[in-house]
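Structure first, then comments.
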Amino acid sequence: RDTGHDALIVLPEAAAEPGLERVGGHMAWAGVARLDPRRVAEVAALPRDYDLQSTLLRLAAQARATHILLPADAEKAGHGIVHRAETLDARGRAVVARLVSGRRSWFDRYVLAPVARLALPRLVERAVPAHVAGGAGVGLGVLGLVLILFGFPALGLFAAVAGTLGLGLGETLAGLRDEQGAARAQSAAIAGLAALAIAALGWQQYRMGGDEVAPVLALMLVILGSLAERAGLYRFRRRWWASPPAYLMVLWPMTLLGAGVWGLALASVYAIVTLASAIETLRSQV
């Protein structure tokens, strides 16, 4: 916080990569946080064959520059200081893997996370905007809704699940770039897509088979699912609890078997059990 003193960002020597210069005290230089302008003038007075970077570093170290270590909590959050591009790439992949693997929903952990580990590094490398990934998800979701309404429920639900994956990738990209508004919008879009797919399936089952129970079950599932999401606070969430894409994963195999109505009933039971567990969890915290 001393605005007039040199400050160097350092790493413990044991943790430093080859190529980072040592600055004494078992520390290695990792960057300049602050440098007195007089150091530049001192280097300018030296012969031209002196290395600018190394000389500035040595002069700052001789002037007893303050050493700033990366905080331990920052390291745990995935931040770090590296020298080589290969190490930076490996660290980035590890951060992405930890980000998506630590989610509490089973759908995110076991379905979205493997896709994200493959796709996100490439999307980040190519600087793909979060809204592009989310837009692809929306497009797949709309295709899924059309297929469901035109009598292809299994194929439509598959496309809808793929749409939630696209939106999930977009949400994760937005979170990585600290675009909180975009992340919240894509999270809401996932829930909206799931609700529309459920409603479309209920209507399709009624229109094609004349089953009046299907729209009622679909409406009940949307309401129960919304309440369960509202009650299931993230920090208390259990792995097995339902999430909007999880309902689609329950419905999809049932529609493959030609039992769409039974799928809606099964997903509704899942929502009821999730809601009951969420309420009891909240009660235990009061």
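Whatever position you read off the sequence shown (first residue = 1), add 411 for the working numbering. Every residue gets a Cβ at the ideal spot worked out from N, C-alpha and C, and that includes glycine. From a predicted model like this one, the values you see are computed outputs, not experimental measurements.
Checklist entry - Rounded to a whole number of angstroms, what is the C-alpha to C-alpha distance between V539 and A653? => result 30 Å
Next on the checklist: I need the straight-line Cα distance from I634 to A608, nearest angstrom please.
Outcome noted: 14 Å
Checklist entry - Do L580 and V526 have their CB atoms nearer than 9 Å? => result yes
Checklist entry - For W614, which of P564, D447, A570 and W663 has the nearest alpha-carbon? => result P564
Checklist entry - Leaving out the 5 sequence neighbours to the left and right, which residues in its chain are closer than 6 Å to A545 when beta-carbon positions are compared? => result The identity of residue 545 in the sequence shown is Gly, whereas the question assumes Ala. So the list reads L578, G581 and Q597, once near-sequence residues are dropped.
Item to check | Closest by C-alpha distance to Y681, when choosing among V661, S695 and I559 | outcome: V661
Checklist entry - Cβ of I601 within 9 Å of Cβ of P655? => result yes
Checklist entry - Does the Cβ of R412 have 16 or more other Cβ atoms within 10 Å, making it buried, or fewer, making it exposed? => result Model confidence at R412 stands at a pLDDT of 44, short of 50, so the residue's coordinates are unreliable; what they give is reported in the following sentence. When all chains shown are included, R412 counts as exposed.
Checklist entry - Below 9 Å between beta carbons: does that hold for Y658 and A689? => result no
Checklist entry - Whose C-beta lies closer than 8 Å to the C-beta of I559 among residues of the same chain, with five residues either side of it excluded? => result G567, L568, A571, A608, A611, L612 and Q615
Checklist entry - What residues in its chain sit with their C-beta under 6 Å from that of A474, if we drop five residues either side in the sequence? => result D417
Checklist entry - Where do the ends of the alpha helix (DSSP H) carrying H542 lie? => result A541 to L560
Checklist entry - Taking the C-alpha atoms as reference points, what is the distance between R445 and G586? => result 30 Å
Checklist entry - Taking Cβ positions, are A605 and G636 nearer each other than 9 Å? => result yes
Next on the checklist: Which residue marks the beginning of the alpha helix (DSSP H) containing W652, and which one marks its end?
Outcome noted: Here W652 belongs to no alpha helix (DSSP H), and DSSP marks it neither H nor E.
Checklist entry - Are the CB atoms of L419 and A471 nearer to each other than 9 Å? => result yes
Item to check | Closest residue to L584 among A530, L480 and A476 (Cα-Cα distance) | outcome: A530
Next on the checklist: Quick check on the burial criterion: 16 or more other C-beta atoms within 10 angstroms. Buried or exposed for S695?
Outcome noted: exposed
Next on the checklist: Quick check on this structure: which residue in L668, L632, Y461 and R649 has the alpha carbon closest to the alpha carbon of D519?
Outcome noted: R649
Item to check | Close Cβ partners of L628 (< 8 Å) along its chain, the five nearest in sequence each way excluded | outcome: G613, V672, L675, A676 and S679
Checklist entry - What's the call for G552, buried or exposed, on a 16-neighbour Cβ count within 10 Å? => result buried
Next on the checklist: Quick check: what's the CA-CA separation for G603 versus D622?
Outcome noted: 24 Å
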